[in-house]
Structures are given as C-alpha cells and as structure tokens.
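Structure record follows, encoded as structure tokens.
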Amino acid sequence: MPCASAAPVAECFQSLTPRGFPGIPQRMASSRTKKRVPVLETADPAELSVASRESAAAPEPGRLDQVWTALLAHRPVARSRIQEWIKAGLARVDGQSVTRPSHKLGGGEALTLDIPEARDTPAPEQGGLHVLYRDAHLLVLDKPPGLTVHPAPSCPEGTLVNRLLHHFPELARIEGQRPGIVHRIDKDTSGLLAVALHEAARLRLSEAFAGREVSKTYLALVHGRPARDVGSSDAPIGRDPSHKTRMCVQRGGREAHSRWRVAWSAPSGRASLLEVEIDTGRTHQIRVHLAHAGHPLLGDVVYASREQAELKRSDPLLHKLASRQMLHAWKLGLPHPAFGSSESEEGVPERLDFVCPPPGDFWRVLLHLGRGCQRVGVVGLPGSGKSALLSAFEARGLPAWSADRYVAALYEPGRDGANLLRSRFGERFVPEARGGVDKAALLAAMRASESLRREVMELLYPVVRGGLEDFWREQTRVRVAFAEVPMLLEAGWTGAGAVDLVVGVDCPDDLRHQRLRKKRGWDDALSAQVDSWQWPREKKLAACAFVVENASDLAAVDRAAARLLRDLAGLRRAGVASLLAWMRVKGYCS
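Convert by adding 1 to the 1-based position in the sequence shown; the result is the number in the working numbering.
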C-alpha cells in the first residue's frame, strides 16, 4: 500500500510530527534521560530478580533450549531469549543447574526455569514519529535520517526505540534493548521500518525476514555512472579486520545478495540514482557492495572517503547537500504477522506493501545534480563568427573553450600534438625533435591527400576530446558553459554525450569568404576546400537546437548572445521542472 493510503494513521500522530518542508517529516528533538541498564548475559544469577518459575517434565528427548521453547509456546518466548536465561544459570535439570542450552535430555527429567524480570528495557522518551500504518499487531513508520534505531553502548538513549516506548507503552512487555524491532536500517539511512507490537508478531516477522519472505527496495545516490544499467553482487561480507566499525567484502564472510538498476544519471555522469533490492540484510550491505562495485554512496564518509574529499573540492555545494549517506528504504513488502494464525481476526490481509518517498535532503541532491552545468557546443563553417559569439559569452564572465585555440597550443614545441605528429610522420611536419608543428606544411599536405587529413584527424581527435572533457569537469559551479568545436557534428561527438545541445552560427557564404580573405588570407579555393571537410551548411544548421545569425557587426552578435542566454535559461528551468515531475511520478519525491 502506498504511503498516501495511511494518511488517517499519520494524522493521529500529527502532534508528534513537526511542520516543515511540505511533505517532508522532520525529526523533533527528544527529551533524554540518563539511564543505563545492565545486560542480562553478564548479570550474576544471584542478583537477577525472578518474576516467575516454570516447572515441567521433559516430554521427549532433545536439546534443553528446544524443549523449553516448546514448553513455553503459550507465552511465546524466543529461543534466543531462553538460551540467554539458561546461560545465566536460571535452568535446572533434576535439581542440578545447567548452563548449556545444547544439554541433551533423554525425556522425563524434572525441569525448572526461572523467568527473570525484564531489566534491560530502554527508558521511554518523547520525540516525533511519522507512522504510516498501525494495527493491533504491527506498525510501519518512516524513520528520519540521523536517528539510531535501538540503544547500543555507543548510543544508550535518544533512539527510535526510546520514542516507540513513549508512544506505544505496550512494547515494554517485549524484553530486551530492541522491543519490537525485527530489522534495522543505519542511523543516517531514512525510510521504511516495520515494528512488531507484541512478542508473537515479533517472532512471526523475524521468521519472515529470516526466510526471505520480505521484499526490500532502497533508493541510493552513488558516485559516478555504472557501466551497465543493471548490476548485482553476491560478495560475502564480514567485519573489516583493520576497522571494527567497518564491514568489507571478505572471503568466508556472511552470504549477501544485492541487485540494482540505474534509474537516472546526472548529465555530467558524476552521480546516479539506483534502485537497489536486497535478499539479505547484512550490516552496511548496500554501502559495502556498491563501494566494492566502484560506485560508493554520495555522502558516505566511511566507504567513500576519497570520493567525498574530491567532491568537497570540486563541488562544495553538493558536498554540503549530501551531508549523510544518500540511502533511503523506499519499498517494503511483508506478510502480515497475524494472517493465518488461530487468533487472526477477520479481514487481516495476507501481505502488506508500502512505498515511501525519500525526505527533502535526498531529492534536493537529485535536483542539484539535474541542474548541473548546461554544456553547449558551438559550431559553424569557417568565418561564420563562432569566435565572436564565444567572446560575447566570455565578456559576461561565462566559461568558454575553443578547440581551435586548444589545437594551436598542442602544436607548440614539446606539446602532445607536436609529439604525436613527429612520432607518426617523422620530421615531415615537426622538423626539430622538441620543436613545434610547421602548420603551413601540414595544411598543404592535408589539402593534397584526403587519407592523410583523416589520419591526422584520427590522431588528434582523442586528445582534443580529452581536453574538452577536462573543461567540462571543471564547470561545477556554473549553470552554463560553451565549447566551440568546428567538427563537433562530423566527429559524432554529439551522440557520444560530449555536449547537451548544439548552437550553430550562420553567416552568408560571400560574407564568410570575405572575412577569411581579410583575416586569414585564404583564397576562394582554400575556403571551398575547408568547407568541404565539414557538413554542408543546411545539414549543419538543421542539427542545431538554436541558430545565431551573424550577418552584421559585433554589437548584433552581442545582442544575439543575450537572447540565446535567455533561451538557454528557459530550457534549464523546464528541465528542472521535468525532472521534478518525473521524480514524483516514480515516487522518488512527494
């Protein structure tokens, strides 16, 4: 059932959930009490306060803990709890104390078991809860990030369990530090969590989780873009021997299975949204498996420390927005613990299914990634005025890159372009070992041989493409940047994701050729031949999202640049609105 269907239940807890960002539950500050409790396993039996004593004859041979589990089926009590009591010295067989749960019985022995008072139940504390569903047997809630699920030595109070005990006092009847808790999510993970409201429900749900009857799907924002749209990991997970608070992929570790699907990737490729399903519930399982696959979670300082340090340098705002591991328990499907039982009331569903959108911090990161730099390629035939348009953008403080300028730098002495040409063609175009390129000789050779021209292009294109990618990677703090690449379309880079859209600069042929004669000294034959190396004018402009007309002076180019910037801003706003609408349709935000 979707979260929306649980609105009446959530309204009952309206006073518990503070108002804030629309649709986003926020965590209330809890009043904390300083109460530490002893742990049963380390207690002295003489100091335990006995609430009741059970006596019986062993009905049949078997292990002591198994026999008592069957005898106490009316309570009911978990076998693990009975094992704790036996280890604490509370069991006797024919009057003799026995502390081994595996002690073999032959049948007929006189058995006694002292049932201690619950001494380790955490203290109730006030605090907000976002309850999505509740009946007499269980509740399902949306846990906010930053809230630990149950007490531990490092966090003895201020947990979800403390809040649950305040709002649902009946949970105190379930012994232990984790009353009602049948599964966990990490402190900084948000999302769906099921809680049993009595011991019988806890036992049934625990069996369901152990028997893999529960479906769990998470949303994860990860560094980078996986090479494939679907992936999985069956790598076993164990405790990291070097860091006791970390887990790692480890031979001999516990079985773990994760599957994921890429739902969306940022245009820049620096982050992706994954839907992750898990069949097992190992500690930090998703975080470990995705880090092992090379795509750790955004915000995960434990398993992505290197990536987080680089993110802080390259995009401080994104680093600030992803202030915790970007992981959300999105979907949960489980059997109802009362279905089919002898005490089941009429109308109990066989199965419950929930969907819960992530909190605001999660989808704000998504929107920020969707607002990444708009990468605009600028193309046009020689002399059309691409450089004039680029200058108009630079005059406004916008970053701009020119392939022509980049190649000119590559031809300088000792640079990659000169070295590549000398390595391939010897002294023909680079006469001196550490010298620059003889551009006149190179142009003459390219005019004379189409095959040589193509060979030179194939040699230099990867280097130029690398320079372009380096430029885009640096543009993390701007909304739009421009790259003038004359052969962008001919090289097929638009289909390979080199730019987000293409702007063409158009100029009448006679005016272009006039400019080329005046500025570069090209005659009509050279102009025509260089034109022939590119797509025809009509085909080139047809592939562009916008066309800037440049048949006048620089002032007209400047006005055209201003209009283009307004149009590009409109596209960005529409893109963000489209992304937000898509996220809502998919259930990725409320």
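Just so it is clear, CB atoms sit at the ideal spot from N, CA and C, and this is done for glycine as well.
- When C-beta atoms of the region 98-111 are compared with those of the region 49-69, three or more pairs fall below 8 Å, so the two segments count as touching.
- One alpha carbon belongs to M488, the other to V380, and they sit about 7 Å apart.
- DSSP places F547 in the strand class (E or B) of the three-state scheme.
- Across the set Y589, R135, H138, the C-alpha of Y589 shows the shortest separation from the C-alpha of V366.
- If you compare the alpha carbons of G437, L222, S591 with that of S324, the shortest gap goes to L222.
- If you look at Q97, you'll find it in the beta strand (DSSP E) that goes 97-99.
- In this structure, L391 sits away from A404, with a CB-CB distance that is not shorter than 8 Å.
- Contact fails between the region 369-378 and the region 163-176, because fewer than three Cβ pairs, one in each stretch, are under 8 Å apart.
- Within the DSSP secondary-structure output, I238 pairs in a beta bridge with V250, R255.
- The continuous alpha helix (DSSP H) containing Q286 extends over residues 286-293.
- Between V504 and A544, the gap from beta carbon to beta carbon reaches 8 Å or more.
- Within the DSSP secondary-structure output, W265 pairs in a beta bridge with L274.
- Three or more beta-carbon pairs separated by less than 8 Å are not found between the region 344-364 and the region 556-572, which leaves the two stretches without contact.
- DSSP places F210 in the helix class (H, G or I) of the three-state scheme.
- Assignment of beta strand (DSSP E) within the region 137-161, counting only whole runs of 3 or more residues, yields 139-144 in chain order.
- Taking 8 Å as the cut-off, the beta carbon of P123 is found no closer than this to the beta carbon of L72.
- Here P350 is exposed, its C-beta having fewer than 16 other C-beta atoms within 10 Å.
- Inclusion of F430 and D439 in the CB contact set at 8 Å is warranted, their separation being smaller than that value.
- Taken through DSSP and simplified to helix, strand or coil, P317 comes out as helix.
- The Cβ-Cβ distance between V481 and L581 does not fall below 8 Å.
- Close CB contacts of S234 within its chain, under the 7 Å cut and outside five residues either way in sequence, are with S259, H290, H293, A294 (chain order).
- For the set A419, G192, S388, the Cα lying nearest the Cα of H131 is the one of G192.
- Residue range 328-336 is occupied by the beta strand (DSSP E) that includes K332.
- Contact check for L220 against H329 passes: the beta carbons are separated by less than 8 Å.
- The C-alpha of D115 is placed about 23 Å away from the C-alpha of E171.
- Judged by their CB atoms, W473 and S269 are nearer to each other than the 8 Å cut-off.
- Ranked by Cα distance from P180, the first of G571, A195, S315 is A195.
- Taking the Cβ atoms as the reference, K105 lies roughly 49 Å from G147, outside the contact range of under 8 Å.
- Beta-bridge annotation (DSSP): L112 is paired with A57, V94.
- The three-state secondary structure of L542, taken from DSSP, is helix.
- With fewer than 16 neighbouring CB atoms inside 10 Å of its own CB, E413 falls in the exposed class.
- Residue nearest to A305 within the set A201, G254, G225, R82 is G225 (criterion: CA-CA distance).
- According to DSSP, residue pairing for V196 in a beta bridge involves L140, I182.
- Non-local beta-carbon contacts of R82 in its own chain, meaning distances under 8 Å to residues more than five positions away in sequence, involve E176, G177 in chain order.
- G107 and L333 have their C-alpha atoms spaced approximately 44 Å apart.
- In terms of Cα proximity to S450, the closest of W534, E470, V464 is W534.
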